[in-house]
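First residue of the sequence shown? That's 1192 in my numbering, and the numbers climb one at a time after it.
Just so you know, even glycine gets a beta-carbon here, dropped at the ideal spot from N, CA and C.
Fair warning: this is a prediction, and the values are worked out from it, not measured in the lab.
I have placed the structure first, in the form of structure tokens, so that the comments after it can refer back to it.
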Amino acid sequence: MRDYDHATQLNAQGALNYARRGLADEKKGDIEGARADFRHALDVIGLDQLDRTQGQRVAREGLQRLDQVAITEKSVVADHGAAKPGPANPAPALAAAVPIPPIGAGQKATTSERRVALVVGNSKYRSVPALPNPGQDAAAIADTLRAVGFQDVRLVTDASRDSLVEALKSFANAADGADWAVIYYAGHGMEMAGENYLVPVDAKLATDRDVSFEAVALTQVMGATEGARKLHLVILDACRDNPFANQIKRTVASRSIGRGLAQVEPDSGTLVVYAAKHGQVALDGEGGHSPFVTALIKRMQTPRIEIRKLFDLVRDDVMAATDRRQQPFSYGSVPGAEDFYFVSASQNAAK
1192 MRDYDHATQL NAQGALNYAR RGLADEKKGD IEGARADFRH ALDVIGLDQL
1242 DRTQGQRVAR EGLQRLDQVA ITEKSVVADH GAAKPGPANP APALAAAVPI
1292 PPIGAGQKAT TSERRVALVV GNSKYRSVPA LPNPGQDAAA IADTLRAVGF
1342 QDVRLVTDAS RDSLVEALKS FANAADGADW AVIYYAGHGM EMAGENYLVP
1392 VDAKLATDRD VSFEAVALTQ VMGATEGARK LHLVILDACR DNPFANQIKR
1442 TVASRSIGRG LAQVEPDSGT LVVYAAKHGQ VALDGEGGHS PFVTALIKRM
1492 QTPRIEIRKL FDLVRDDVMA ATDRRQQPFS YGSVPGAEDF YFVSASQNAA
1542 K
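Put into structure tokens, the structure is as follows:
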């Protein structure tokens, strides 16, 4: 993130400030800076009517414009073998990261259902080495959810325990009465004594006793979605090697600290998806995104894939990309009386 007063993200004026700076960066040809500022403008936490905020409208239109330019330049490369001159290090458009163009590159998809999402990407850990991809993975997921018609998408990066708990609390209120409530988390996660935790960036975890005080239990995360009327979905790209495992001092010798996350049994109507099944470690990836996120972005944008099949296809994609070293896994169930689509046939036709 560029150095800017992060507190301005908490109000509409802050969103407008970011959007204006993004326009100035775009005019100067600083595409990477413009994209970052437009995304910051969309990261306002606690506003329920995002589309009514002038700064966010400007930012959303700016991102769509930059994505469209990137798609055009990619087409020029394909047709002529060389792109027209541009910035030395432009930020890659979402379309360049996945095999199919994003729905939101031109016109945002719409849905009559109210869909809300909280997207968290923890990269800059303070007590252990940073993770390269969660921050950009989370930004790409947030962009994709907006593109497929989610009305309220809240992006939080490098969350401390306090900020993660506050974001979950605010999101739980937004989820009340919504049709879909989705939480995506990328970063470190761990299992201790059969319970799963998300690890904030400020966690030290010197002893096993610290885990419940410094990390956030998965049960608390799932609880933040329970107010939605139809679909509760939690997606965890959090099964990376746990660097805390070797440094945590056990105060109880029999207290286990697992490799990866433990299996879960969510309540009926809740679907929990792991980037790697219980006991496995998810790969961070060598490119711009993790293998799991690359597959997920692609499938979420493909029209009319029912959600149960969608995650089966994501599993197949990841297993193929990792030579079967990583197998995503889904736990729980969604109501059988209704089909769930990120992009329905009617949404695609309405574009």
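In the pairwise beta carbon analysis, the stretch 1400-1418 is classified as not touching the stretch 1490-1507: fewer than three pairs are separated by under 8 Å. Here the stretch 1309-1326 makes no contact with the stretch 1456-1473; the two share fewer than three CB pairs at distances below 8 Å. Here DSSP, grouped into helix, strand and coil, assigns Gly1368 to coil. Closest in alpha carbon position to Pro1325, among Ala1210, Val1311, Val1319, Ala1363, is Val1311. For the 7 Å CB-CB criterion, Arg1251 and Asp1228 do not form a contact. For the 7 Å CB-CB criterion, Asp1428 and Ala1377 form a contact. For Val1347, the closest alpha carbon among the candidates Gly1340, Asp1216, Ala1331 is that of Ala1331. Only exposed fits Arg1446, as fewer than 16 other CB atoms lie within 10 angstroms of its CB.
In chain order, Asp1328 place their CB closer than 6 Å to the CB of Val1484, counting only its own chain and leaving out the 5 sequence neighbours on each side. Between Gln1518 and the set Gly1253, Ala1511, Ala1467, the nearest pair of CA atoms involves Ala1467. Here Val1455 is buried. Its C-beta has 16 or more other C-beta atoms within 10 Å. Residue environment for Ala1372: buried (at least 16 other C-beta atoms within 10 angstroms of its C-beta). As DSSP reads the structure, Ala1308 sits in a beta bridge with Val1344, Val1373. Your pair Val1425 and Ile1488 does not check out as a contact, with CB atoms roughly 18 Å apart and the cut at 8 Å. In this structure, the alpha-carbon of Gly1479 lies about 30 Å from that of Gln1411.
Judged by their CB atoms, Ser1351 and Asp1393 are nearer to each other than the 7 Å cut-off. In terms of Cβ geometry, Tyr1388 and Ala1408 form a close pair [threshold 7 Å]. For Ile1488, the enclosing alpha helix (DSSP H) has its first and last residue at 1482-1491. Between Phe1531 and Ile1498, the C-beta spacing is below 7 Å. Following the DSSP letters along the chain, one finds Val1505 inside the alpha helix (DSSP H) bounded by residues 1498-1512.
For Gly1414, the enclosing alpha helix (DSSP H) covers residues 1409-1414. Taking every protein chain shown into account, the CB of Val1464 has 16 or more other CB atoms within 10 angstroms, so this residue is buried. Residue environment analysis places Ala1232 among the buried positions, since at least 16 neighbouring C-beta atoms fall within 10 angstroms of its C-beta. In this structure Thr1335 is in contact with Met1491, their Cβ atoms being roughly 5 Å apart against a cut-off of 8 Å. With a cutoff of 7 Å on beta-carbon distance, Asp1216 and Ala1225 are scored as near each other. Looking at the DSSP output, Phe1520 sits in a beta bridge with Tyr1465. A distance below 6 Å between beta-carbons, with the five flanking residues on each side excluded, links Ala1415 to the following residues of its chain, in chain order: Leu1359, Phe1362, Ala1363. Between Thr1513 and Thr1493, the alpha-carbon positions lie close to 22 Å from each other.
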